[in-house]
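At position 84 of the sequence shown (counting the first as 1) the number is 85 in my numbering, and the numbers step up by one without a gap. Accompanying notes for the structure given below.
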Amino acid sequence: MINYPTTLFASQGLPQPKYNFAGEISFGSNWNKKLGCQYFTTIRLQNLAKYHIGNVFKIIKKGDYLLDAKIVQLRYCKLHDLPELTCYLDTGYSKEATIALFKKMYQSKNIDWEKQLLSIILLEHLDWDKP
2 MINYPTTLFA SQGLPQPKYN FAGEISFGSN WNKKLGCQYF TTIRLQNLAK
52 YHIGNVFKII KKGDYLLDAK IVQLRYCKLH DLPELTCYLD TGYSKEATIA
102 LFKKMYQSKN IDWEKQLLSI ILLEHLDWDK P
(Lines of atoms letter the chains of each structure in order from A and count residues from 1; the text may use other names and numbers.)
(Lines give C-alpha, C1' and ligand atoms only; values in the text may rest on other atoms or scores of the structure.)
Protein backbone atom coordinates (compact mmCIF):
# COMPACT_ATOMS: atom_id res chain seq x y z
CA MET A 1 0.00 0.00 0.00
CA ILE A 2 1.31 3.46 -0.84
CA ASN A 3 1.22 5.60 2.30
CA TYR A 4 2.12 9.21 1.69
CA PRO A 5 3.47 11.16 4.69
CA THR A 6 1.25 14.14 5.53
CA THR A 7 4.32 16.36 5.76
CA LEU A 8 5.16 15.71 2.10
CA PHE A 9 1.91 17.29 0.97
CA ALA A 10 1.72 19.98 3.66
CA SER A 11 5.25 21.17 2.88
CA GLN A 12 4.26 21.67 -0.75
CA GLY A 13 0.91 23.28 0.04
CA LEU A 14 -0.95 20.29 -1.42
CA PRO A 15 -4.04 18.61 0.01
CA GLN A 16 -3.70 15.20 1.65
CA PRO A 17 -4.60 12.36 -0.77
CA LYS A 18 -8.16 11.08 -0.34
CA TYR A 19 -7.11 7.41 -0.18
CA ASN A 20 -4.03 5.31 0.52
CA PHE A 21 -3.61 3.40 -2.72
CA ALA A 22 -2.33 -0.15 -2.99
CA GLY A 23 -1.48 0.50 -6.64
CA GLU A 24 -3.21 0.40 -9.99
CA ILE A 25 -5.38 -2.09 -11.81
CA SER A 26 -5.20 -1.62 -15.57
CA PHE A 27 -7.81 -2.55 -18.13
CA GLY A 28 -7.10 -2.73 -21.84
CA SER A 29 -10.80 -3.07 -22.55
CA ASN A 30 -14.02 -2.25 -20.74
CA TRP A 31 -15.40 -5.77 -21.01
CA ASN A 32 -19.19 -5.84 -20.78
CA LYS A 33 -19.19 -2.06 -20.01
CA LYS A 34 -18.61 -2.98 -16.35
CA LEU A 35 -16.42 0.02 -15.48
CA GLY A 36 -19.47 2.27 -15.57
CA CYS A 37 -21.11 0.39 -12.68
CA GLN A 38 -20.97 1.03 -8.94
CA TYR A 39 -19.70 -2.54 -8.42
CA PHE A 40 -17.71 -4.45 -11.00
CA THR A 41 -15.54 -7.53 -11.24
CA THR A 42 -12.17 -8.36 -12.64
CA ILE A 43 -10.55 -11.76 -13.02
CA ARG A 44 -6.79 -11.67 -12.48
CA LEU A 45 -3.94 -14.09 -11.94
CA GLN A 46 -3.70 -14.68 -8.20
CA ASN A 47 -1.38 -12.15 -6.54
CA LEU A 48 -1.45 -12.55 -2.77
CA ALA A 49 0.85 -9.56 -2.28
CA LYS A 50 -1.45 -7.19 -4.20
CA TYR A 51 -5.08 -8.18 -3.90
CA HIS A 52 -6.63 -7.93 -0.40
CA ILE A 53 -10.13 -6.99 0.75
CA GLY A 54 -10.11 -3.30 1.64
CA ASN A 55 -7.24 -2.34 -0.67
CA VAL A 56 -7.92 0.75 -2.80
CA PHE A 57 -6.68 1.01 -6.37
CA LYS A 58 -6.54 3.58 -9.12
CA ILE A 59 -8.41 2.06 -12.06
CA ILE A 60 -6.65 2.72 -15.37
CA LYS A 61 -8.20 2.12 -18.79
CA LYS A 62 -5.88 2.12 -21.80
CA GLY A 63 -3.32 4.19 -19.87
CA ASP A 64 -5.77 6.83 -18.60
CA TYR A 65 -6.95 7.24 -15.00
CA LEU A 66 -10.63 6.39 -14.75
CA LEU A 67 -11.68 6.02 -11.09
CA ASP A 68 -10.80 4.86 -7.58
CA ALA A 69 -12.10 1.48 -6.39
CA LYS A 70 -11.87 -0.71 -3.31
CA ILE A 71 -11.82 -4.51 -3.16
CA VAL A 72 -14.94 -5.63 -1.31
CA GLN A 73 -14.92 -9.36 -2.09
CA LEU A 74 -12.32 -11.82 -3.30
CA ARG A 75 -12.60 -15.45 -4.40
CA TYR A 76 -10.10 -17.90 -5.88
CA CYS A 77 -10.51 -20.62 -8.45
CA LYS A 78 -8.76 -22.31 -11.35
CA LEU A 79 -9.52 -21.27 -14.91
CA HIS A 80 -11.68 -24.30 -15.70
CA ASP A 81 -13.64 -23.79 -12.45
CA LEU A 82 -14.76 -20.24 -13.27
CA PRO A 83 -18.51 -19.97 -12.75
CA GLU A 84 -20.44 -19.39 -15.97
CA LEU A 85 -22.31 -16.52 -14.30
CA THR A 86 -19.03 -14.78 -13.39
CA CYS A 87 -17.77 -15.16 -16.96
CA TYR A 88 -20.87 -13.54 -18.44
CA LEU A 89 -20.88 -10.67 -15.93
CA ASP A 90 -17.15 -10.01 -16.15
CA THR A 91 -16.41 -10.42 -19.86
CA GLY A 92 -19.81 -10.63 -21.52
CA TYR A 93 -18.80 -14.04 -22.89
CA SER A 94 -19.62 -17.67 -22.10
CA LYS A 95 -17.32 -19.71 -19.87
CA GLU A 96 -15.85 -21.46 -22.91
CA ALA A 97 -15.12 -18.15 -24.67
CA THR A 98 -13.71 -16.62 -21.44
CA ILE A 99 -11.32 -19.56 -20.98
CA ALA A 100 -10.14 -19.15 -24.59
CA LEU A 101 -9.72 -15.41 -23.99
CA PHE A 102 -7.53 -15.98 -20.91
CA LYS A 103 -5.38 -18.55 -22.68
CA LYS A 104 -4.83 -16.11 -25.54
CA MET A 105 -4.12 -13.13 -23.22
CA TYR A 106 -1.48 -15.07 -21.28
CA GLN A 107 -0.11 -17.32 -24.04
CA SER A 108 3.40 -15.84 -23.77
CA LYS A 109 3.63 -16.52 -20.00
CA ASN A 110 3.75 -20.34 -20.19
CA ILE A 111 1.10 -20.77 -17.47
CA ASP A 112 0.10 -24.21 -16.20
CA TRP A 113 -3.67 -23.68 -16.14
CA GLU A 114 -4.17 -26.89 -14.15
CA LYS A 115 -2.33 -25.28 -11.20
CA GLN A 116 -2.66 -21.50 -11.65
CA LEU A 117 -5.20 -19.85 -9.36
CA LEU A 118 -7.23 -16.85 -10.46
CA SER A 119 -8.61 -14.08 -8.26
CA ILE A 120 -12.21 -13.10 -8.89
CA ILE A 121 -12.26 -9.56 -7.51
CA LEU A 122 -15.33 -7.49 -6.74
CA LEU A 123 -14.55 -3.77 -6.67
CA GLU A 124 -16.62 -0.82 -5.50
CA HIS A 125 -16.35 2.52 -7.31
CA LEU A 126 -15.56 4.85 -4.39
CA ASP A 127 -16.87 8.11 -5.85
CA TRP A 128 -20.01 6.62 -7.36
CA ASP A 129 -22.68 9.13 -8.24
CA LYS A 130 -25.86 7.37 -9.30
CA PRO A 131 -26.92 8.33 -12.82
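The C-beta atom is built at its ideal place from N, Cα and C for all residues, glycine as well. In this text, all values refer to a predicted model and were calculated from it rather than measured experimentally.
Legend entry - C-beta contact flag for I54 and V73 at 8 Å: For the purposes of this step, residue 54 is identified with residue 53 of the sequence shown, where counting begins at 1. For the purposes of this step, residue 73 is identified with residue 72 of the sequence shown, where counting begins at 1. Taking 8 Å as the Cβ cut-off, I54 and V73 qualify as a contacting pair.
Legend entry - Simplified DSSP assignment, three categories, for Y107: Counting from 1 along the sequence shown, the entry for residue 107 is found at position 106. Here Y107 sits in coil by DSSP.
Inset, instruction - Could you tell me whether any non-hydrogen atom of the ligand ZN is closer than 7 Å to the CB of K116? - result: As far as ligands go, the structure on display features none, and thus does not contain the ligand ZN.
Inset, instruction - Taking 8 Å as the cut-off, decide whether the C-beta atoms of N48 and A23 are in contact. - result: Taking the sequence shown and counting its residues from 1, one reaches residue 48 at position 47. Taking the sequence shown and counting its residues from 1, one reaches residue 23 at position 22. No.
Legend entry - Opening and closing residue of the alpha helix (DSSP H) in which L86 lies: By one-based count along the sequence shown, residue 86 stands at place 85. That run of the alpha helix (DSSP H) goes E85 to T92.
Inset, instruction - Report all residues from its chain with a CB closer than 8 Å to the CB of K79; omit the five preceding and five following residues, and keep chain order. - result: Reading the sequence shown from its first residue, position 78 is the one you call residue 79. The residues W114, E115, K116, Q117, L118 and L119, in chain order, have a CB closer than 8 Å to that of K79 in the same chain once the five nearest residues on each side in sequence are set aside.
Inset, instruction - Report the rounded CA-to-CA distance for T92 versus L36, giving the unit in angstroms. - result: Position 91 of the sequence shown, counted from the first residue, corresponds to residue 92. Position 35 of the sequence shown, counted from the first residue, corresponds to residue 36. Straight-line spacing of the CA atoms in T92 and L36 works out to 11 Å.
Legend entry - Pairwise C-alpha distance: D130 and A70: Numbered from 1 along the sequence shown, position 69 holds the residue referred to as residue 70. Numbered from 1 along the sequence shown, position 129 holds the residue referred to as residue 130. If I take the Cα positions, the gap works out to 13 Å.
Legend entry - For G29 and K62, the rounded distance between their alpha carbons: Reading the sequence shown from its first residue, position 61 is the one you call residue 62. Reading the sequence shown from its first residue, position 28 is the one you call residue 29. Pairing K62 with G29, the inter-Cα distance amounts to about 6 Å.
Legend entry - Residue interval of the beta strand (DSSP E) (run including L68): To locate residue 68, count along the sequence shown from 1; it is residue 67. Where L68 is concerned, the enclosing beta strand (DSSP E) stretches over D65 to K79.
Inset, instruction - Using only alpha-carbon positions, find the residue among L68, L67, Y77 and S95 that is nearest to L46. - result: For the purposes of this step, residue 46 is identified with residue 45 of the sequence shown, where counting begins at 1. Nearest in C-alpha terms to L46, of all of L68, L67, Y77 and S95, is Y77.
Inset, instruction - Under the assumption that E125 contacts Y40 (Cβ atoms under 8 Å), give the Cβ distance between them as a whole number of angstroms. - result: Along the sequence shown, one-based indexing puts residue 125 at 124. Along the sequence shown, one-based indexing puts residue 40 at 39. So it is a contact: roughly 6 Å between Cβ atoms.
Legend entry - Spatial distance of L68 from I60 (CA atoms): In the sequence shown, counting from the first residue as 1, residue 68 sits at position 67. In the sequence shown, counting from the first residue as 1, residue 60 sits at position 59. C-alpha separation (whole angstroms): 5 Å.
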